[in-house]
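Each residue of the sequence shown is one higher than the one before, starting from 223 at the first, in the working numbering.
Every residue gets a Cβ at the ideal spot worked out from N, C-alpha and C, and that includes glycine.
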Amino acid sequence: MEQRRILLAVTGGIAAYKAPELVRTLRRAGNAVRCAMTPNAVQFVAPLTLQAVSGQAVRTQLFDPVEEGGIDHIALADWADLVVVAPATANILAKLAHGLADDLVSTVALATRAPMLVAPAMNLNMWLHPATQNNMTTLRQRGVRIIGPESGELACGWDGEGRMAEPQAIADAAAWVAGTRALAGDVVLVTASGTREPVDAVRYLGNRSSGKMGFAVAAEAARRGASVVLVSGPATLRTPAGVRRIDVETALEMREAVLAELPEATIVVKAAAVADFRVARPEAGKIRKEELPPDSGPTLDLVRNPDILAEICRTPGNRVVIGFAAETGDLVASARRKLERKGCDLMVANDVSREGSGFDSDTNAVVFVWPGGDVEELPCLSKTEVAAQILDRVAKIRGGNG
Ligand code: CTP
């Protein structure tokens, strides 16, 4: 693994006594490590110990002028390639889930744009409490990676789930989360959200795509070191860190933007729900009821939009092209027909009528349909996780195993 800057945030649980060992394990793997501690963590492990093993000053206070004079908390948040919270108490997990920022660790966690790995450790009943479990769901859906807790004898006397994962397991997970720069040097072109096709000056034909899947792919590709262009239909989502975004409205605008970016692209992921039809002659003004015969509506003359994905696949060039197929009914058969018709390297199919899958959901249950007939069915995952799975397949496509 190449050298990474890891910020280890230690919170106040008995497992904090393993933090020095974790620092040493992370450093042995070639990482630079800085430590931040909550005031409660200081009850379990001395800052001086972490300073000695990390070789860096340890921060414990948000407003301490001396500490802030060293490296201020925002600089610390910006410095990190990865934030590891270990041990993560129920309290810090709740704060992370809700975006509280009332001490150094929670403030840095909110300010950083780095990926985050948490290693929960607590009493079994605190871990199983619905409040904690809901917080974990929130964090997972947001893309926070979680390691453990493991089952075993707990310091509180109970036996069960709640032990912090071992330092080596946390360091391995950190290497996995921070280590993949597999797309450095790639230019990834992602399309997201739905297009809007104007009917008149105020109305449009659209669809229910939120853009979440495409934005997740763009974020994940950027995290893996790619240069990312995101061509998006109207969406209310924040542009992921490090992503260049081009906003479009109609399918024709999307086609134009995509074709302009295509020559540079080495990977194309077409997550957008492109309108298949547009109104042949949208009205420049507003269509008014009083201009129509009583009790009747206007007749819209629709024409076909170009198929952008098929056009990309026809354009010569050495690039990986991944399409999406939003389906109801026979998922695999229709996705396979689309794959063959358009000629992409992989089709990501999802049943949009299924609960927890498809439009506006934070999760997605997808099936990878490969040329040649292979089918990979994935469980219901967060869209971030699905994005990671999709980008993991690029190597397989390039290896010719598709
Ligand atoms: N797509 C595209 N241009 C279009 C329509 C679709 O680039 N005009 C792309 C989508 O971005 C997606 C894939 O083609 O990656 C499949 O989209 P989908 O709407 O499911 O398929 P269609 O080919 O439009 O088939 P149908 O709507 O008839 O199921």
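Cβ-based neighbour list, residue i, same chain, cut-off 8 Å, excluding 5 preceding and 5 following
i      : result
HIS295 : ARG281, LEU284, LEU326, THR329, VAL330 and ALA333
PRO371 : ALA341, PRO342, ALA343, MET344, TRP349, GLU383, GLY384, ARG385, MET386 and ALA387
ASP324 : LYS317
ARG536 : GLY565
Chain-order list of residues whose beta-carbon lies under 6 Å from that of residue i (same chain, five-residue window excluded)
i      : result
ALA587 : SER579 and CYS602
LYS434 : LYS605
THR585 : GLY578, CYS602 and SER604
ARG227 : ALA254, TRP301, ALA302 and ASP303
SER449 : VAL409
ALA463 : ARG335
PRO389 : LYS240, GLU243, LEU244 and THR247
VAL480 : VAL453 and ILE530
ALA557 : ALA547, MET569, ALA571 and VAL591
ARG367 : LEU339 and VAL399
Burial state of residue i (16 or more Cβ within 10 Å)
i      : result
LYS605 : buried
LEU561 : buried
PRO516 : exposed
THR550 : exposed
ALA495 : buried
LEU514 : exposed
ASN357 : buried
LEU270 : exposed
ALA477 : It should be noted that the sequence gives Arg, not Ala, for residue 477. Its Cβ being crowded by 16 or more others within 10 Å, ARG477 is buried.
CYS378 : exposed
LEU524 : exposed
DSSP bridge partner residues for residue i (one or two, in chain order)
i      : result
THR413 : VAL453 and LYS492
ILE544 : VAL491 and LEU568
LEU298 : Partner(s): none; LEU298 has no beta bridge.
ARG418 : Beta-bridge pairing links ARG418 to no other residue.
ASN586 : LEU603
ASP573 : GLU549
ARG500 : VAL525
VAL591 : MET569 and VAL597
Cut-off 7 Å between Cβ atoms - residues of its own chain near residue i, not counting five sequence neighbours on either side
i      : result
ARG541 : ALA487, THR488, ILE489 and VAL490
THR354 : ALA312, LEU315 and MET348
ILE619 : VAL542, ASP567 and LEU568
ARG467 : LEU452, SER454 and THR461
Residue-chain proximity (residue i, chain B), Cβ-Cβ < 7 Å
i      : result
VAL264 : The displayed structure is made up of one protein chain only, and chain B is not part of it.
Start-end ranges of the alpha helix (DSSP H) lying completely within the segment 428 to 495, minimum 4 residues = 434 to 445 and 473 to 483
Which runs of the alpha helix (DSSP H) spanning at least 4 residues fall entirely within the segment 337 to 413, listed in chain order?
-> 346 to 350, 352 to 363 and 389 to 401
Continuous alpha helix (DSSP H) assignments of at least 4 residues falling wholly in the segment 227 to 284 = 241 to 250 and 269 to 276
Which ranges does the alpha helix (DSSP H) cover as unbroken runs of at least 4 residues, wholly within the segment 298 to 324, from first to last along the chain?
-> 312 to 320
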